[in-house]
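Chemist: Residue numbers (our numbering): 5 to 523. Glycine included, each C-beta is placed from N, C-alpha and C at the ideal position.
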Amino acid sequence: MADFFHPDRLQKLEDLKASGADPYPAQAAFAPIDGVTATSGPKRELAAALLAQAEERQGETVLIYGRVLGRRGYGKLAFLDVCDQSGRIQACMQKDLVLPAEFEHLKQLNLGDIIAVEGELSKTKVGEPTVFGTRFRILTKALENPPEKFHGLADAELRARRRYVDLFANQEVRDSFFKRSAIIQAMREVFLARAYTEVDTPVLHPIYGGANAKPFSTHHNALDMQLFLRIAPELYLKRLLVGGMERVFEFARVFRNEGLSMRHNPEFTMVEFYEAYSDVYGMMELTEQLVVAAARAAGCEQQDGSLKTIFRDEEFQLSPPFARVTYADVFLEHVGCAATDRVGLPAKMADHGIQVANSSEYAWWKAVNDLFEELVEPHLRGPIFVHDYPAAICPLAKPLASDPTWAGRFEFFLGGMELANAFSELNDPQLQLAKFEEQVVDKDPESPNQVDMDYVRALAYGLPPAGGCGIGVDRLIMVLLGKDTIRDVLLFPHMRPEKDFGGAAASTDEPLVKTGDPS
RNA sequence: GGGGGCAUAACUCAGUCGGUAGAGUAGUUGGCUUUUAACCAAUUUGUCCCAGGUUCAAGUCCUGGUGCCCUCACCA
């Protein structure tokens, strides 16, 4: 990296300036010609819209903006592929149509430059809709080369690190992220239609809770206190129910200080929602609606009206209703032994190397659940709800009135992953306090570091009976869009800092741009 | 953290038995008024990931490191 910028490009930039043009104009509109004010010129159009309306709008003067990603030049004629957010449209610059001074700027044009073209929408000899430019302007001079035009950007690391390149070079990548946005919006509309309120709760938590995970830790200088990035918004959202906000949801970025994998990123998006006077079964029905709405927005709808996605070479039918099965039933089916069978289970656990950590109820049921994860979860292709979980491993869920061994909780499985987790919320302050204390004594680094007494106090004021649920938004999008890795649904997945290139590791006095090398 | 693989031009990739670096694209120069990865001609670009080692000689072999990918483990 002797020179950061490409010398050829810098030369073009100088040439462009020398011709009197601004390589980075503040305004995109064309300057008026010969003193005629240009207030009534055409409005900017998107490529996809022009292509769709090519027939009926033939002969109209149109204005397009976009990045030049293809060029087929002739002496007095050039075809340009102009790419914008919506797609690509061809522009044709003919010397006898374009202003002479502006035609000259083609010499300073490189692939990757962003341009404006105004001209007549028509067709070429082979029938391709094309804007035949009468005006042409470079709006942004690019100093970096775009990727190879046929293979594009193939290296997975570069695609994630330079997502801005991946996005402009690949329409399919853009479409995926537009769909991500549409999916989230569709879910939001389901909530709003049910009189939910969207809220924002704190990201910095003095006590981390609401899930089991290792947190990121930080420090607040003015108060000289340790803070944690939230691992879940749960406890704050339920405080809102105490406060009388009866239906709330939050698309919450949460942070978990754990490994990276195809389905794990240290920060990810959960949508959590809570509804007073509902319960886990009400959440099941709402989760089903949310998944269906998301699937429609993702384009999973088939011609016969059914919903379907293909994820990791496996087809999933998403048309409701989704299967529902109790934990006890599905456990018995795949383990061959009842989850409550304290005589028969130890042998099964031994077969799979699962040990009971200590004599507590929690440790016993944790081991039972390990067996569940080992023997049952691989069979849960989904979409399926597993409900009524062992109460001992659900510190935030309300035990069933009929049998307190079990708690009102479901997990929703799809694509071999756990996508959602919901409770009938525990609202007995004394029982909640007891369960919190049990967790803190356990000293598991993934359990809360101390009892959140303010939350217990909130419960003491009275949390109405309620259902609550959290859905892993990124994983849901993975399944719906058929993306194998979470990195493909995150715009900027977590990466190690690039060497010598920003990030904490490179915060030295060395200048980023080395302008010359005396040797 | 364990195991396996990869790292060569701005991009996509070749590189034989160890013999001193290649193609296409992009860029540059010229030609061309209907192309679609346009074409024709000429042409520029390298810390072969880094550091050691073996060797007369290393992109190639060895050791260590770094990064990425896959996989297992971990991960409500």
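#1: Under 8 Å: do the region 146 to 158 and the region 120 to 127 share three or more Cβ pairs, one atom per stretch?
#2: Could you give the DSSP three-state label for residue 127: helix, strand or coil?
#3: Going by DSSP in three states, residue 506 sits in which element: helix, strand or coil?
#4: State the Cα-Cα distance for the pair residue 18 and residue 489, rounded to the nearest angstrom.
#5: With a cut-off of 8 Å on the beta carbons, I'd call residue 460 and residue 433 a contact; round off their distance for me.
#6: Can you name the start and end residues of the alpha helix (DSSP H) that residue 190 belongs to?
#7: Keeping to the same chain, check which residues put their C-beta closer than 8 Å to that of residue 180; ignore five residues upstream and five downstream.
#8: Measure from the alpha carbon of residue 495 to the alpha carbon of each residue in 350, 316 and 162, then state which is nearest.
#9: What do you reckon, are the CB atoms on residue 311 and residue 468 nearer than 8 Å?
#10: Give the straight-line distance between the Cα atoms of residue 51 and residue 106, rounded to the nearest whole angstrom.
#11: Helix, strand or coil for residue 330, going by three-state DSSP, please let me know.
#12: Can you tell me which of the three DSSP states residue 402 falls into?
#13: Using a Cβ-Cβ cut-off of 6 Å (strictly less than) and excluding sequence neighbours within five positions of residue 190, which residues of its own chain qualify?
#14: What residue ranges within the region 313 to 398 form continuous beta strand (DSSP E) runs of no fewer than 3 residues, ordered along the chain?
#15: Pop quiz: residue 390 and residue 339 are said to be a contact at Cβ under 8 Å. What is the actual Cβ separation, rounded to whole angstroms?
#16: So for residue 84, helix, strand or coil by DSSP?
#17: Do the region 99 to 117 and the region 136 to 144 touch if we need at least three Cβ pairs shorter than 8 Å?
#18: Helix, strand or coil for residue 217, going by three-state DSSP, please let me know.
#19: Nearest by alpha-carbon distance to residue 352: which of 378, 430 and 464 is it?
#20: Are there 16 or more other CB atoms within 10 angstroms of the CB of residue 316, so buried, or fewer, so exposed?
#21: Do residue 201 and residue 251 have their C-beta atoms within less than 8 Å of each other?
#22: Helix, strand or coil for residue 249 per DSSP?
#23: Nearest-angstrom Cα distance between residue 11 and residue 24?
#24: Quick check on the DSSP output: the alpha helix (DSSP H) that includes residue 15 runs from which residue to which?
#25: Quick one: residues in its chain with C-beta nearer than 6 Å to the C-beta of residue 215, no 5 flanking neighbours on either side, listed in chain order?
#26: I'd like the span of the alpha helix (DSSP H) that includes residue 92, first residue to last.
Modeler: On the basis of the data shown:
#1: Contact between the region 146 to 158 and the region 120 to 127 is absent, because fewer than three Cβ pairs lie under 8 Å.
#2: Correct three-state label for residue 127: strand.
#3: With a pLDDT of 43 at residue 506, under the threshold of 50, the modelled position of this residue cannot be trusted; read the value that follows with caution. Residue 506 sits in coil when the DSSP states are folded into three classes, being neither helix nor strand.
#4: Straight-line Cα distance between these residues: approximately 43 Å.
#5: With a beta-carbon spacing of about 6 Å, residue 460 and residue 433 fall inside the 8 Å limit used to define contacts.
#6: Boundaries of the alpha helix (DSSP H) harbouring residue 190: 175 to 197, taken from the DSSP string.
#7: Short of 8 Å from the beta carbon of residue 180, and not among the five residues preceding or following it, lie these beta carbons of its own chain, in chain order: 485, 487, 492 and 493.
#8: Minimum Cα distance to residue 495 is reached at 162.
#9: No, the Cβ-Cβ distance between residue 311 and residue 468 is not below 8 Å.
#10: As the crow flies, the alpha-carbon of residue 51 is around 22 Å from that of residue 106.
#11: Correct three-state label for residue 330: strand.
#12: In this structure, residue 402 counts as coil in the three-state DSSP scheme.
#13: Result list for residue 190: 297, 298 and 301, in chain order.
#14: 318 to 321, 327 to 330 and 388 to 394, all fully within the region 313 to 398.
#15: Under the criterion of beta carbons closer than 8 Å, residue 390 and residue 339 do not qualify as touching, at roughly 13 Å.
#16: Under the three-state reduction of DSSP output, residue 84 falls in the strand class.
#17: Note that the region 99 to 117 touches the region 136 to 144; at least 3 beta-carbon pairs, one per stretch, sit closer than 8 Å.
#18: Here residue 217 sits in coil by DSSP.
#19: Selected option, being the one with the closest Cα: 378.
#20: Counting the other Cβ atoms within 10 Å of the Cβ of residue 316 gives fewer than 16, which makes it exposed.
#21: The Cβ-Cβ distance between residue 201 and residue 251 falls below 8 Å.
#22: Note: residue 249 maps to coil in three-state DSSP.
#23: So the two alpha carbons sit approximately 20 Å from each other.
#24: Annotation: the continuous alpha helix (DSSP H) that includes residue 15 extends over 11 to 22.
#25: These residues qualify, in order along the chain: 235 and 236.
#26: Per DSSP, residue 92 is not a residue of any alpha helix (DSSP H); the beta strand (DSSP E) it occupies stretches across 91 to 98.
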